[in-house]
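Chemist:
In this note's numbering, the protein residues as written are 450 to 647.
#1: Can you say whether residue 458 is buried or exposed, counting buried as having 16 or more other CB atoms within 10 angstroms of its CB?
#2: Grab me the residues of residue 588's own chain with a C-beta within less than 6 Å of its C-beta, minus the 5 sequence neighbours each way, in chain order.
#3: Which whole-angstrom value describes the C-beta separation of residue 531 and residue 635, a residue pair presumed to lie in contact below a C-beta threshold of 8 Å?
#4: Mind checking which residues open and close the beta strand (DSSP E) that includes residue 487?
#5: Excluding the 5 residues flanking residue 501 on each side, which residues of the same chain have their C-beta closer than 7 Å to its C-beta?
#6: How would you label residue 638, buried or exposed, when you count the other beta carbons within 10 angstroms and need 16 or more for buried?
#7: Since residue 641 contacts residue 628 with CB under 8 Å, what's their CB separation in whole angstroms?
#8: Helix, strand or coil, according to DSSP, for residue 580 in the structure here?
#9: Whole angstroms are fine: how far does the CA of residue 643 sit from the CA of residue 487?
#10: Taking only the alpha-carbon atoms, compute the straight-line gap between residue 576 and residue 560 and give it to the nearest angstrom.
#11: Per DSSP, what kind of secondary structure is residue 460 in: helix, strand or coil?
#12: In this structure, what does DSSP give as the bridge partners for residue 568?
#13: Kindly list the residues whose CB is nearer than 6 Å to the CB of residue 619, restricted to its own chain and excluding five residues on each side of it in sequence; keep chain order.
#14: If residue 482 sits next to residue 646, beta carbons under 8 Å apart, how far is it from one beta carbon to the other, in whole angstroms?
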């Protein structure tokens, strides 16, 4: 059975239609739930998702300088054998509503690949959301024996840019990962945790 890696840099406290993908699955048909909380002063994020077969749904709230936003998306997954056994293409509608009550509708596409290694795993992702042209490029390396992971994320859109580094630690025999990160443009540290039942 393939190991599941919790994405450490997705869903940061940035405009919510750019809060990207939730979890990296070694099996496109895996079922499970995911919850993540990241905290930073005036820049916190809470997200939750559920996956059943190729279908996934996600909800999120992001608090950021100047406001906050709620986001949602539904995606359908297809395998991409040409890029490897665990490569997946996901697509579907997205929505974003801010504190002012405005509603934006759009679509998102995601290409991701998880691969086991001799020491753990490597995960890469490219994500684009038509709402505010938001995107994310992400790379993560995980070391299974120690439970440690490191991820680098580049995110942006019409109204923001951010580069981030996150470190993670998986608590043994539990679905919990502790997270510590830094957003370089905001010059802000972030702490959080994630729960992954996949």
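Yeah, the Cβ is synthetic: ideal placement off N, Cα and C, and Gly gets one too. Model, not experiment: these values are computed from the prediction.
Modeler: The structure says:
#1: Here the question's residue 458 lines up with position 9 in the chain shown. Low local confidence applies: a pLDDT of 33 at residue 458 is under 50, so the model's placement there is unreliable, with the coordinate-based value given in what follows. Classification for residue 458: buried.
#2: Numbered from its first residue, the chain shown carries residue 588 at position 139. Taken in chain order, the residues that qualify are 573 and 601.
#3: Counting from 1 along the chain shown, the entry for residue 531 is found at position 82. Counting from 1 along the chain shown, the entry for residue 635 is found at position 186. The Cβ separation is near 38 Å, so there is no contact.
#4: As a position in the chain shown, residue 487 is number 38, starting the count at 1. Here the beta strand (DSSP E) through residue 487 covers 481-488.
#5: Mapped onto the chain shown, residue 501 falls at position 52. Around residue 501: 480.
#6: Start at 1 with the first residue of the chain shown, and residue 638 comes out as number 189. With fewer than 16 Cβ atoms within 10 Å of its Cβ, residue 638 is classed as exposed.
#7: Residue numbering aside, residue 641 sits at position 192 when the chain shown is read from its first letter. Residue numbering aside, residue 628 sits at position 179 when the chain shown is read from its first letter. Rounded, the Cβ-Cβ distance is 4 Å, consistent with contact.
#8: On the chain shown, residue 580 is found 131 positions in, with the first residue counted as 1. Looking at residue 580 - three-state DSSP - the assignment turns out to be helix.
#9: In the chain shown, residue 487 corresponds to position 38, counting from 1. In the chain shown, residue 643 corresponds to position 194, counting from 1. Cα to Cα, residue 487 sits roughly 9 Å from residue 643.
#10: In the chain shown, residue 576 corresponds to position 127, counting from 1. In the chain shown, residue 560 corresponds to position 111, counting from 1. One C-alpha to the other measures close to 6 Å.
#11: The residue given as residue 460 occupies position 11 in the chain shown. Low local confidence applies: a pLDDT of 35 at residue 460 is under 50, so the model's placement there is unreliable, and no value is given.
#12: If you number the chain shown from 1, residue 568 lands on position 119. Looking at the DSSP assignment, residue 568 forms no beta bridge with any residue, so it has no partner.
#13: To locate residue 619, count along the chain shown from 1; it is residue 170. Answer for residue 619: 596 and 626, listed in chain order.
#14: Position 33 of the chain shown holds residue 482. Position 197 of the chain shown holds residue 646. With a Cβ gap of about 5 Å, residue 482 and residue 646 count as contacting.
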